[in-house]
Ligand SMILES: [Ca+2]
Ligand SMILES: [Ca+2]
Ligand SMILES: [Zn+2]
Ligand SMILES: [Zn+2]
């Protein structure tokens, strides 16, 4: 799977969440051989959960896996990962994080690089616009999700 | 609530998880006014979840909260927090992290301090012994939980 195909899955998840009245951030975890391990979106509204962000939902939906399954894997996410999702990628030794955009929020990209994770920012207009629209529409919900 | 009372709740959670056949790590999130916001334990076995560690389960069980609810709060955890749980505490601006022990696993304590979080290690023998016993009994399950 190439990076634009991986990000497209993450963006589909983000749109699904938006259409559910949720926070439009999606993610997909792809193994080193290109197999999709799991995909998911922020579930703060849908589950009432503060720990189901896009990336952690993709991990949750990937289920229990041995460490070797994450080796060489890529986490696709529509938005720059927050501290929690940054840490989740580090815990499991995810090798690459491919980010739709970091204009609406800049998360732990520097720390990921410092810890040896490859970070790619695609600066995708669809991701940027959907997130901008959401922040305009529901600023309080967005603040809650990033603890501000 | 003093630190030994907070840690006692986290340890009760750890024992519950051990008795369920799960990973014996527990946590409790206590607000600045001493109110218990939530408590929980690792749910890898019980839920098949790679994102429900002790600390993230305590956050999950605390539900949706505004940022101000976490101000001045303390996360009690029986074991030094992994990168994911370290990041979760940073995301929500938790002020203190009180740790039962860091002999069996040393997590993101240095990074928490670097980011301005107060870290206290109680070096509690009950926490240390329960975790040691678990690692002896189920080394593969433990490795899976820390991505090694
Ligand atoms: Ca998210
Ligand atoms: Ca745990
Ligand atoms: Zn996140
Ligand atoms: Zn953890």
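Residue numbers (the numbering used here), protein chains in the order written: chain P, 903 to 1050; chain Y, 903 to 1050.
We put the beta carbon where it would ideally sit given N, CA and C, even for glycine.
Computed from a predicted structure; not experimentally measured.
Reference residue i, options the options, closest by Cα
{"i": "residue 997/P", "options": "1011/P, 1043/P, 926/P and 1004/P", "result": "1011/P"}
{"i": "residue 941/Y", "options": "1019/Y, 958/Y, 1042/Y and 1046/Y", "result": "958/Y"}
{"i": "residue 1046/Y", "options": "979/Y, 993/Y, 925/Y and 972/Y", "result": "925/Y"}
{"i": "residue 949/P", "options": "1041/P, 989/P and 919/P", "result": "919/P"}
{"i": "residue 960/Y", "options": "1038/Y, 908/Y, 1048/Y and 1050/Y", "result": "908/Y"}
{"i": "residue 969/P", "options": "995/P, 951/P and 921/P", "result": "995/P"}
{"i": "residue 1000/P", "options": "921/P, 932/P and 922/P", "result": "932/P"}
{"i": "residue 1049/P", "options": "991/Y, 1050/Y, 1049/Y and 1048/Y", "result": "991/Y"}
Own chain residues within Cβ distance below 8 Å of residue i, not counting five before or after
{"i": "residue 1016/Y", "result": "none"}
Alpha carbon of residue i to alpha carbon of residue j, nearest angstrom
{"i": "residue 977/Y", "j": "residue 1031/Y", "result": "21 Å"}
{"i": "residue 944/P", "j": "residue 903/Y", "result": "33 Å"}
{"i": "residue 1044/P", "j": "residue 962/Y", "result": "18 Å"}
{"i": "residue 946/Y", "j": "residue 927/Y", "result": "11 Å"}
{"i": "residue 1036/Y", "j": "residue 916/Y", "result": "11 Å"}
{"i": "residue 974/P", "j": "residue 955/P", "result": "22 Å"}
{"i": "residue 967/P", "j": "residue 1040/Y", "result": "16 Å"}
{"i": "residue 929/P", "j": "residue 1009/P", "result": "15 Å"}
{"i": "residue 965/P", "j": "residue 971/P", "result": "11 Å"}
{"i": "residue 983/P", "j": "residue 952/P", "result": "14 Å"}
{"i": "residue 1071/Y", "j": "residue 1038/Y", "result": "With chain Y covering 903 to 1050 only, the question about residue 1071/Y has no answer from this structure."}
{"i": "residue 1004/Y", "j": "residue 1004/P", "result": "35 Å"}
{"i": "residue 923/P", "j": "residue 921/Y", "result": "39 Å"}
Buried/exposed call for residue i, threshold 16 Cβ in 10 Å
{"i": "residue 1006/P", "result": "buried"}
{"i": "residue 1019/P", "result": "buried"}
{"i": "residue 1022/Y", "result": "exposed"}
{"i": "residue 1034/P", "result": "exposed"}
{"i": "residue 906/P", "result": "exposed"}
{"i": "residue 985/P", "result": "buried"}
{"i": "residue 979/Y", "result": "buried"}
{"i": "residue 988/P", "result": "buried"}
{"i": "residue 1042/P", "result": "exposed"}
Beta-carbon proximity list for residue i, same chain, < 7 Å, skipping 5 on both sides
{"i": "residue 1002/P", "result": "909, 912, 913, 979, 980, 981, 1024, 1026 and 1029"}
{"i": "residue 1013/P", "result": "988"}
Own chain residues within Cβ distance below 6 Å of residue i, not counting five before or after
{"i": "residue 939/P", "result": "931, 933 and 964"}
{"i": "residue 936/Y", "result": "903"}
Runs of beta strand (DSSP E) wholly within the segment 913-963 of chain P (minimum 3 residues, chain order): Counting only runs of 3 or more residues that sit fully inside the segment 913-963 of chain P, the beta strand (DSSP E) segments are 928-932 and 938-943, in chain order.
Residue ranges of each beta strand (DSSP E) within the segment 961-1003 of chain P, 3 or longer: For the segment 961-1003 of chain P, whole beta strand (DSSP E) runs of length 3 or above, ordered along the chain, are 976-981 and 998-1003.
At what residue ranges does the segment 1003-1030 of chain P contain a whole run of the alpha helix (DSSP H), taking only runs of 4 or more? Secondary structure remark: continuous alpha helix (DSSP H) runs of at least 4 residues inside the segment 1003-1030 of chain P, in chain order: 1011-1016.
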